[in-house]
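Numbering (the numbering used here), first residue to last: 155 to 443. All C-beta atoms, glycine included, are put in the ideal place defined by N, C-alpha and C.
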């Protein structure tokens, strides 16, 4: 049996055994496999560690290092969308939870943007147990890389911080006119996680319905729909938007296309329910052409 077969056999055994039956040496072996020169072995090792949940705590630092690993899950495969080693490492760290937070916060300051991006994303997956990273994520909102900022914006709404602190930060991102549109869009989408009761965010989302960018309009409508009846104060603005010809970007694998923003508006009105009855005449006019 060659070394590759030995490595694959070890990963398979670790996948089959309950976590309680794994010894410390076997966990250490999985950690060593994270440094294999074979992407598939690294991927399977991270996946096995994910299955251990909190018992994979000794692997926190190597898993954080693996957040920079863009190796595909199958060697030599063309797999742009993943999941990649870094994606599974992120999931493993999220399963470990709060004990991984200090190393992830440290990774937010690394020079490698992949590490920063996936560290922010992982903190968002951990959610409220990571709420003491609020200040660190706030700093990342000014990162030089737009995709790092994007993940930080999405994460900052998920960690359970006080809406009175989170919402002004997200509002500030939304109002940056020189910001990438998808980062501003993420700020609107994150408002639901930041304030799920809709106490202070509905007016800001209504303002988003007036943005000239179709993707921003769609994000505002989609997020308002999540609030259901709590978003009834936005019905008149959504009703006016039914006449828009704006479109938003969309994609399926590597094929890009656009969709009418009106579809998102109609769905939002449907989610709001009976309180959106004022839009019925407009919808009837749309149906009759």
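Distance between beta carbons of residue j and residue i, contact taken as under 8 Å
i           : j           : result
residue 385 : residue 354 : Wrong, their Cβ atoms sit about 13 Å apart, outside the cutoff.
residue 362 : residue 374 : 3 Å
residue 302 : residue 327 : Going by Cβ atoms, the distance from residue 302 to residue 327 rounds to 13 Å, so no, they are not a contact pair.
residue 269 : residue 221 : 5 Å
residue 120 : residue 314 : Summary: the structure shown does not reach residue 120, with the chain confined to residues 155 through 443, and so no result is reported for it.
residue 257 : residue 204 : Not confirmed; about 16 Å, so no contact.
residue 242 : residue 189 : With 8 Å as the limit, residue 242 and residue 189 do not qualify as a contact, their Cβ atoms being about 15 Å apart.
residue 401 : residue 387 : Rounded, the Cβ-Cβ distance is 26 Å, inconsistent with contact.
residue 389 : residue 433 : 6 Å
residue 323 : residue 377 : The Cβ separation is near 16 Å, so there is no contact.
residue 372 : residue 415 : 5 Å
residue 251 : residue 212 : About 14 Å; that fails the 8 Å criterion.
residue 393 : residue 436 : 6 Å
Helix, strand or coil at residue i according to DSSP, with G and I counted as helix
i           : result
residue 397 : coil
residue 404 : strand
residue 212 : helix
residue 256 : helix
residue 429 : helix
residue 364 : coil
residue 423 : helix
residue 226 : coil
residue 318 : helix
residue 351 : coil
residue 390 : helix
residue 266 : coil
For residue i, the residue or residues it bridges with in DSSP
i           : result
residue 343 : In DSSP, residue 343 forms no bridge with anything.
residue 412 : 403
Unbroken alpha helix (DSSP H) run spanning residue i, endpoints
i           : result
residue 381 : Here residue 381 belongs to no alpha helix (DSSP H), and DSSP marks it neither H nor E.
residue 205 : 193 to 206
residue 334 : Per DSSP, residue 334 belongs to no alpha helix (DSSP H) and is neither H nor E.
residue 250 : 239 to 250
residue 440 : 434 to 442
residue 182 : 178 to 187
Check: residue i C-beta below 7 Å from any heavy atom of the ligand GTP
i           : result
residue 255 : This structure simply doesn't include the ligand GTP, nor any ligand for that matter.
So within the region 269 to 316, which uninterrupted alpha helix (DSSP H) runs reach at least 4 residues, ignoring any that extend past its ends?
288 to 294, 300 to 310
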